[in-house]
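The structure under discussion appears below in the form of structure tokens.
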Amino acid sequence: MIKAILEFFTTGRLLKQVNTTILALIPKVRAPSTVSDFRPISCCNVLYKVITKIIVQRLRLVLDKLISPSQNAFVPGRSIGDNILLAQELFAGYNRQGLPMRCALKVDLRKAYDTVEWDFLSAVLQMFGFPGTFIGWVEECVTTPMFSVCINGNPHGFFKGSRGLRQGDPMSPFLFVLIMEVLQLMLLQLIDQNEGFSFHWRCKELGFFQLCFADDLLLFCKADVASVRVFRHGLAEFAKLSGLHANPQKSQLILSRSAQDGNNYLQHYISRRVTFPSGTLDFLY
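With UniProt numbering applied, the sequence shown corresponds to residues 1 to 285, in that order.
Here it is in structure tokens:
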């Protein structure tokens with residue numbers, strides 16, 4: 001095993017047998033009836049996991065320097081619980097009258113890991129300044145898998161992947177964090193370019209507008225059309241590049257009471273702009 005691992009880091013190549021994966025389909029609902037009702041989990045072999053865990057150990061060393069404070073999941077030294085506490089603080093008073101109009105978008109990414117474009121991942125690693133050799137190792141692991149699907153305990157089929165990160169691959173959460181950091185940077189650039197954007201109450205001085213919970217987002221702004229339009233445009237551009245699209249059925253638009261009372265037109269118009277249904281604060285982070 002040691003010889004095989006050293007050979008990979010020397011040549012940058014994996015044997016097809018090492019990167020062959022069985023997909024276990026885990027039901028997401030009690031009575032699954034369609035493919036979308038299952039979550040595919042990759043059962044990677046031991047040799048592959050050892051290789052990728054070595055890569056992850058190197059990646060972990062620099063994540064804290066590359067990732068903004070709005071992301072705490074999978075970043076060493078940070079706790080996702082901090083984001084939960086901050087979200088609770090920002091939502092405090094949403095049901096009270098007389099406070100500034102506020103708005104939050106709860107964004108659920110559809111099939112997040114499964115739809116990541118490999119070319120975009122390579123571009124992200126280059127943008128963050130990772131060495132070419134390191135990028136080559138990641139690309140070899142991510143872009144060369146062969147899959148079989150486990151049905152009733154037996155593997156069926158043998159096919160090549162074309163995009164996505166595997167759930168069950170030790171690298172996937174850390175690579176996904178880097179990808180989501182690009183969305184943070186894109187939105188920040190759009191906010192700087194659009195004078196019509198207004199920050200959420202008590203967030204302007206910090207320049208704060210986003211909380212990231214792995215593949216779920218909370219975006220905060222003032223409850224006005226111009227600000228929401230910036231977020232919608234940023235999400236659309238990010239989707240074109242990365243392959244990660246918001247799921248309108250699971251995403252929500254949350255308006256403070258001051259933005260709802262006597263302002264049905266505003267609520268209706270913003271909801272149409274983002275194509276998200278109106279939601280309430282009783283959701284899970």
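All residues carry an ideal CB built from backbone N, CA and C; glycine is no exception. Just so we're clear, the structure is a prediction, and the values are computed from it rather than from any experiment.
Query                                                                                                                                                                         : Result
Our contact map puts residue 99 next to residue 256 with C-beta atoms below 8 Å; I'd like the distance itself, whole angstroms only.                                          : 7 Å
By the three-class DSSP mapping on this structure, what secondary structure does residue 285 have?                                                                            : Bear in mind that a pLDDT of 47 at residue 285, under 50, signals an unreliable position, so the model cannot answer this.
For the structure I just gave you, are there three or more beta carbon pairs, one from the region 100-115 and one from the region 13-23, closer than 8 Å?                     : no
What residue does the beta strand (DSSP E) around residue 275 start on, and which one ends it?                                                                                : Where residue 275 is concerned, there is no enclosing beta strand (DSSP E), given that its DSSP letter is neither H nor E.
With a threshold of 7 Å on Cβ separation, who are the neighbours of residue 157 within its own chain once the five nearest residues in sequence on each side are excluded?    : 148, 149
So for residue 210, helix, strand or coil by DSSP?                                                                                                                            : strand
Where does residue 107 land, buried or exposed, given buried means 16+ other C-beta within 10 angstroms?                                                                      : buried
Using a C-beta cutoff of 8 Å, does residue 267 count as contacting chain D?                                                                                                   : This model lacks chain D altogether, as it is built from one protein chain only.
On the DSSP bridge assignment, give the partners of residue 159 in chain order.                                                                                               : 147
Three-state secondary structure (DSSP) at residue 173?                                                                                                                        : helix
Thinking just about the alpha-carbon of each residue, which of 59, 228, 7 is nearest to the one in residue 131?                                                               : 59
For the alpha helix (DSSP H) that residue 51 lies in, which residues bound it at each end?                                                                                    : 46-66
Can you check which of these residues, 96, 178, 32, 118, is closest to residue 62 by C-alpha distance?                                                                        : 178
Between residue 159 and residue 146, what straight-line distance do the alpha-carbon atoms span, to the nearest angstrom?                                                     : 5 Å
Could you tell me how far apart the beta carbons of residue 213 and residue 80 are, in whole angstroms, since I believe they sit closer than 8 Å?                             : 6 Å
Enumerate in chain order the residues of its own chain whose CB-to-CB distance from residue 200 is below 8 Å, with the five nearest sequence positions on each side excluded. : 90, 102, 103, 104, 208, 209, 220, 221, 222
Can you give me the C-alpha to C-alpha distance between residue 236 and residue 117, rounded to a whole angstrom?                                                             : 15 Å
Have a look at residue 249 and residue 233 and give me their C-alpha separation to the nearest angstrom.                                                                      : 19 Å
If I follow the unbroken alpha helix (DSSP H) through residue 227, where does it start and stop?                                                                              : 225-242
Evaluate residue 71 with the Cβ neighbour count: other Cβ atoms within 10 Å of its Cβ, from every protein chain shown; 16 or more gives buried, anything less gives exposed.  : buried
Using beta-carbon positions only, say whether residue 253 and residue 225 come within less than 8 Å of one another.                                                           : no
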